[in-house]
Amino acid sequence: MKRSVSIVIPVHNEELIIEDAVLKLVAEFSSIAEDFEIIPVENGSSDRTWELILKLSEADKRIKPLRSAKPDYGFALKMGISNSKNELIISDEIDVLDHNFHKDAIQALDKFDIVIASKRHPSAKDDRGFLRLIGTETITLLLKLICGMKASDSHGPKCWRRETAQAIVKASLLDGDLFASEAVLRAERMGLKIKELPLSIKEKRKTPISLIKRIPKVIRDIYFLKKALNN
-2 MKRSVSIVIP
8 VHNEELIIED
18 AVLKLVAEFS
28 SIAEDFEIIP
38 VENGSSDRTW
48 ELILKLSEAD
58 KRIKPLRSAK
68 PDYGFALKMG
78 ISNSKNELII
88 SDEIDVLDHN
98 FHKDAIQALD
108 KFDIVIASKR
118 HPSAKDDRGF
128 LRLIGTETIT
138 LLLKLICGMK
148 ASDSHGPKCW
158 RRETAQAIVK
168 ASLLDGDLFA
178 SEAVLRAERM
188 GLKIKELPLS
198 IKEKRKTPIS
208 LIKRIPKVIR
218 DIYFLKKALN
228 N
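Using this note's numbering, read the sequence shown as starting at -2 and increasing by one per residue.
Here is the structure:
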């Protein structure tokens, strides 16, 4: 049975790939969803990303862009989820967009509350660079040790019922990169039924130097997250 789906994608300085990615999403969901809306959430871009998104939305009303001046992945993701109208929500990243995950996750929501795309699933195909792989392993280990996370991965595409996603957004305390992890931890503590599916992902950008520089902030945020969850 086809479902109604909202696809939420935070975008920041993506002028080189935004048009192709969104048009591929339109073609994909035209075949697998009864009704859909694509919500690119431009946040703090300094290039032509917003201009290109507006052009796409003028040509297809199913593309419903949002904008925030704040360059913040988590804030943009929460904005998109809060404004979603359809039965199911898929939150994704513009340089991931795994078609197999989208299709399988929609089907899995018949039996689960949230479906997570895991880069650490035994059947996952993770072809990113070494630093990104180490970053994923390090953050996941810290989340498990400090916050007691059970999931094998937390920062990546998810598929969830709208009421579930919006309830978690309302309860959340973090923006930034760790909102995705907070969402998984809150889902676990709420006793929601969680399903993990393998993710196929390739390196599409050079690893930014800031990846290493962000580590101290990530550690601080994880400790803050633990404290917030325990209150």
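Backbone N, C-alpha and C define an ideal beta-carbon position, used for all residues, glycine too. Just so you know, these numbers come straight off a predicted model, no measurement behind them.
Whole-angstrom distance between residue j and residue i, CA atom to CA atom
i: residue 189; j: residue 16; result: 35 Å
i: residue 70; j: residue 103; result: 23 Å
i: residue 14; j: residue 96; result: 17 Å
i: residue 113; j: residue 105; result: 10 Å
i: residue 42; j: residue 50; result: 12 Å
i: residue 165; j: residue 198; result: 26 Å
i: residue 108; j: residue 23; result: 26 Å
i: residue 148; j: residue 40; result: 28 Å
i: residue 93; j: residue 12; result: 16 Å
i: residue 21; j: residue 226; result: 38 Å
i: residue 131; j: residue 216; result: 15 Å
i: residue 91; j: residue 5; result: 10 Å
i: residue 98; j: residue 26; result: 13 Å
i: residue 191; j: residue 129; result: 25 Å
i: residue 136; j: residue 52; result: 37 Å
i: residue 10; j: residue 187; result: 35 Å
i: residue 180; j: residue 45; result: 31 Å
i: residue 58; j: residue 134; result: 40 Å
i: residue 72; j: residue 127; result: 28 Å
i: residue 48; j: residue 34; result: 19 Å
i: residue 196; j: residue 154; result: 9 Å
Cβ-Cβ distance between residue i and residue j below 8 Å
i: residue 287; j: residue 118; result: Since the first residue of the chain shown is -2 and the last is 228, residue 287 is not available in this structure.
i: residue 243; j: residue 183; result: No statement about residue 243 is possible, as the shown extent of the chain runs from -2 to 228 and does not include it.
i: residue 32; j: residue 1; result: yes
i: residue 36; j: residue 61; result: yes
i: residue 3; j: residue 83; result: yes
i: residue 100; j: residue 150; result: no
i: residue 221; j: residue 74; result: no
i: residue 110; j: residue 157; result: yes
i: residue 152; j: residue 178; result: yes
i: residue 19; j: residue 76; result: no
i: residue 218; j: residue 171; result: yes
i: residue 223; j: residue 144; result: yes
i: residue 79; j: residue 159; result: no
N- and C-terminal bounds of the beta strand (DSSP E) containing residue i
i: residue 63; result: 63 to 65
i: residue 250; result: A query on residue 250 cannot be resolved here, the shown segment of the chain reaching from -2 to 228 and no further.
i: residue 34; result: 30 to 40
i: residue 158; result: 155 to 158
Limits of the unbroken alpha helix (DSSP H) element including residue i
i: residue 82; result: Per DSSP, residue 82 belongs to no alpha helix (DSSP H) and is neither H nor E.
i: residue 103; result: 96 to 105
i: residue 179; result: 176 to 186
i: residue 215; result: 212 to 227
According to DSSP, residues forming a beta bridge with residue i
i: residue 191; result: 111
i: residue 5; result: 36 and 88
i: residue 122; result: 197
i: residue 60; result: 35
i: residue 0; result: 30
Interface flag, residue i vs chain B, CB-CB below 8 Å
i: residue 183; result: As a matter of chain content, chain B is missing from the structure shown, which is built from one protein chain.
Could you tell me whether the region 65 to 82 touches the region 139 to 151, where touching means 3 or more Cβ pairs closer than 8 Å?
Between the region 65 to 82 and the region 139 to 151 there are fewer than three inter-stretch CB-CB distances shorter than 8 Å, so the stretches are not counted as touching.
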